[in-house]
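Numbering (the working numbering), first residue to last: 229 to 334.
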């Protein structure tokens, strides 16, 4: 007999941040760029995870070339404040990525 894990349901309001590396499959499938992207992705994971947590979010899932993050919005009047945190976290990730390429020589 199959045993199923108990399903728990709850409703929450929040903002989801979805991040994906464009063309990552083509980088992973190319002998010229596979080493760089394999060095880059773990650094992206570490950086994004820390940024999400430091801005009050929850790092939900690493997708292999991106991530999903959740930011609770417990009251409607807090949407703008939480959205600002998400945009600031995204700005910092973008800035760090663009300025340093996360230490990967491309």
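Where is the CB? At the ideal position from N, CA and C, for every residue including glycine.
query, result
"What is the rounded straight-line gap between the Cα of residue 276 and the Cα of residue 321?", "7 Å"
"On a CA-only basis, which of 318, 315, 300, 308 is nearest residue 238? Give me that one, please.", "300"
"Using CA coordinates, which residue listed in 307, 310, 269 is at the minimum distance from residue 294?", "269"
"Three-state secondary structure (DSSP) at residue 300?", "strand"
"Going along the chain, which unbroken runs of the beta strand (DSSP E) with 3 or more residues stay wholly within the stretch 271-320?", "286-290, 294-300"
"Excluding sequence positions up to five away, which residues of its chain have a Cβ less than 8 Å from the Cβ of residue 262?", "255, 256"
"Residue range of the alpha helix (DSSP H) that residue 253 falls in?", "252-256"
"Figure out for me which residue from 234, 328, 296 has the closest Cα to the Cα of residue 242.", "296"
"Per DSSP, what kind of secondary structure is residue 248 in: helix, strand or coil?", "strand"
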